[in-house]
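For the sequence shown, UniProt numbering gives the first residue as 1, with consecutive numbering after it.
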Amino acid sequence: MAKDPKIDKTARDTHYATLRRQVRDARRERGEIPTPEPQKPRKSNAGWTPPKLAPEQVLLYGLHTVRAALDNPERKLIKLSATQNALVRLEIASVENLGIPFETVTPQDLDKILGPEAIHQGVMLETRPLPPRRLEALQDSPLILVLDQVTDPHNVGAIMRSAVAFDAGAVITTQRHSPTESGVMAKSASGALELIPYIQVTNLADALAELHKLGFFSVGLDSDGPAPMEETLVGDRIALVLGAEGKGLRQKTRETVSALARLDMPGAIKSLNVSNAAAIALYASRQHLATKG
Numbered sequence: 001m002a003k004d005p006k007i008d009k010t011a012r013d014t015h016y017a018t019l020r021r022q023v024r025d026a027r028r029e030r031g032e033i034p035t036p037e038p039q040k041p042r043k044s045n046a047g048w049t050p051p052k053l054a055p056e057q058v059l060l061y062g063l064h065t066v067r068a069a070l071d072n073p074e075r076k077l078i079k080l081s082a083t084q085n086a087l088v089r090l091e092i093a094s095v096e097n098l099g100i101p102f103e104t105v106t107p108q109d110l111d112k113i114l115g116p117e118a119i120h121q122g123v124m125l126e127t128r129p130l131p132p133r134r135l136e137a138l139q140d141s142p143l144i145l146v147l148d149q150v151t152d153p154h155n156v157g158a159i160m161r162s163a164v165a166f167d168a169g170a171v172i173t174t175q176r177h178s179p180t181e182s183g184v185m186a187k188s189a190s191g192a193l194e195l196i197p198y199i200q201v202t203n204l205a206d207a208l209a210e211l212h213k214l215g216f217f218s219v220g221l222d223s224d225g226p227a228p229m230e231e232t233l234v235g236d237r238i239a240l241v242l243g244a245e246g247k248g249l250r251q252k253t254r255e256t257v258s259a260l261a262r263l264d265m266p267g268a269i270k271s272l273n274v275s276n277a278a279a280i281a282l283y284a285s286r287q288h289l290a291t292k293g
């Protein structure tokens, strides 16, 4: 009786697949290739609806975010909710000394409030928003960031973190088409929201004009900029201006900045996520300012 070629082919494929797995396992044991991280099943937001927050209510979460908020004297604290493990990791010896209500919770309790995909690390802090900041409240830092309608709170939070790392004096953005203070933005900033002024202005072109009067040279990042950024920076006070992903800088902003510049990239990919571009631009600006110092 003739063999079924389909069955014979399937058996052969299975045999070779087994051999390939054995070879991979042997190479991993010898350290020649890395062992992949175990894949955790993703939680689903199906069936979860976010709580309705009052206009003056902000829910912060995550260990770094909450610790920074607790240490910020300008932050109005309302209530702390945490697991016993998170309380230890926050290094809070006595919750009574905080002067605010405290509730012991489980991770599942926080999942119900923040959503199953929120990386809350067992802690949530209810607060009031930080006081509004104005341009005249700028620090003496010679370096600031200006965001032209960057809408994603994850990107804005990551940009804040880079801004603090490079000792920028403020992050300026528009009141419209920009994220307000939230748990998502604060978590992405990993504590930076408490460390740098987040200034929202009504008219970005007017704000840039005011910055020019304060002695700032504003550089708008544009992939089609006429010169590389390092050849464009001038003076000892720099305002970096970045636009939204996809749309880039608005025409009015392009006309208002002191100069347009590009980040030259020799690789095959010629564009970056706005938060990555901000970090590179901050580094280049700090290098320029160091020569002026």
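The beta-carbon is built from N, C-alpha and C at its ideal position, and this holds for glycine as well. Remember, it's a predicted structure, so these values are computed and weren't measured experimentally.
When you compare only the Cα positions, how much space is there between P73 and A278?
28 Å
Contact the stretch 181-190 vs the stretch 49-61: 3+ CB pairs below 8 Å
yes
Assign D148 to one of three DSSP states: helix, strand, or coil.
strand
V257 versus R250 - alpha carbon distance
11 Å
From V95 to R161, what distance separates their C-alpha atoms?
28 Å
Pull up the distance between the alpha-carbon of A281 and that of Q22, whole angstroms please.
47 Å
Could you say which of L242, G169, V274, T104 lies nearest to A259 if we only look at CA atoms?
L242
What distance in whole Å lies between the Cβ atoms of L138 and I238, which are believed to be in contact at a cut-off of 8 Å?
Contact doesn't hold; Cβ gap of about 13 Å is too wide.
Spatial distance of Y283 from R128 (CA atoms):
33 Å
Just list the beta strand (DSSP E) runs in the stretch 191-217, keeping only unbroken ones of 3 residues or longer that don't cross its boundaries, in chain order.
198-201
Pairwise C-alpha distance: L63 and R89
8 Å
Neighbourhood of V164 by C-beta, 6 Å cutoff - its chain only, sequence neighbours within 5 removed:
A192, L195, I196
What are the residues that DSSP puts in a beta bridge with V58?
T127
As a quick exercise: from P226, A268, Q175, L125, pick the residue whose alpha carbon is nearest that of A205.
Q175
Where does residue 363 sit, in a helix, a strand or coil, going by DSSP?
This structure gives no information on residue 363, because the portion of the chain shown stretches from 1 to 293.
Cβ shell of R42 (< 8 Å), same chain only, five flanking positions each side left out:
Bear in mind that the predicted position of R42 carries a pLDDT of just 49, short of 50, making it unreliable; the figure below should be weighed with that in mind. Closer than 8 Å at the Cβ level, and outside the excluded window around R42, lie E117.
By Cβ distance, which residues of its chain are closer than 7 Å to Q121, with the 5 residues on each side in sequence left out?
G62, L63, A86
Buried or exposed: K6, going by 16 or more other Cβ atoms within 10 Å of its Cβ?
Confidence at K6 is low in this model, with a pLDDT of 49, below 50, so the placement of that residue should be treated as unreliable; the coordinate-derived value is given next. Under this definition K6 is an exposed residue.
Give the single residue among Y198, S285, R67, D140 whose Cα lies nearest to the Cα of L147.
Y198
Could you give the uninterrupted runs of the beta strand (DSSP E) lying entirely in the stretch 72-137, keeping only those of 3 residues or more?
77-82, 102-104, 123-127
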